[in-house]
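To keep things clear, I will list the structure first and then write my remarks on it.
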């Protein structure tokens, strides 16, 4: 009787397992100029995410698999990749939600940025655009003697765009960014929005002049890929449109 009860308790508390096949796009410039697909079939659990499956491959099957990750809680943004053709954070996507019984789950690097190895891309072009829009508070005059205060309404005006974690999921989902190496991309514009509508900032004119360039905000085609890709739920397309409207009001 005791043995039966122990068995029942173990079964009741057990997390269901299932087989999943990950089809990962591999690229190693030291071995070949061509990328290729590699499949791994794994036993995973209902609580596992795509990142857990990548860890299992790296730790138990192939230590050469290369990808970025850090916090594993959707905050650092370092593990953005294309999962089943959509930009997502690997640490936020549960394997069971990808219908693994219907076929392999594809994992590949985000598009529009040079691939360094496997799932790791060169983020420098992305951060170059980010730096160009001056992502810091610009003020004039002497150092203040007290805090620069804001009302809750003033803070709420740009609250949505403060959520950006610079994962590049939005920018690398943009077809214009894929084909135009000079386009700032949605993330840079979102971060410009954060300061353009900050009541304490005095650099709005400079930022709008930068984004008014031919490769700036006017290259957006309002496709909404960026909004759909954002893991933080930022209304990216809306923010871009508000920056356009700010430019029109200033009548450059």
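Residue numbers (the UniProt record's numbering): 1 to 252.
A virtual CB, placed ideally from N, CA and C, is assigned to each residue, including glycine.
Item, Value
"Integer-rounded CB distance, given that residue 120 should sit under 8 Å from residue 66", "5 Å"
"Option nearest residue 169 by Cα separation, candidates 146, 122, 230 and 60", "230"
"Residues bridged to residue 17 (per DSSP)", "45"
"Where the beta strand (DSSP E) through residue 80 begins and ends", "80-83"
"Status (buried if at least 16 other CB within 10 Å, exposed otherwise) for residue 36", "exposed"
"Straight-line Cα distance separating residue 108 from residue 83", "7 Å"
"Separation of residue 184 from residue 174, as counted between CA atoms", "11 Å"
"For residue 222, the three-state DSSP class (helix, strand or coil)", "coil"
"Collapsed DSSP secondary structure at residue 151 in the structure displayed", "coil"
"Where residue 9 falls: helix, strand or coil (DSSP)", "A caution first: residue 9 carries a pLDDT of 46, below 50, which makes its placement in the model unreliable, though a value can still be read off. In the structure shown, residue 9 sits in a helix (DSSP, three-state: H, G or I)."
"Coil, strand or helix - residue 253 by DSSP", "Since the displayed the chain opens at 1 and closes at 252, residue 253 lies outside it and no answer follows."
"Beta-carbon spacing of residue 21, residue 144 below 9 Å", "no"
"Through-space distance from residue 214 to residue 60, alpha-carbon basis", "49 Å"
"Rounded C-alpha distance that separates residue 128 from residue 135", "11 Å"
"Test item: CB-CB of residue 104 and residue 113 under 9 Å", "no"
"Length of the line joining the Cα atoms of residue 16 and residue 98", "16 Å"
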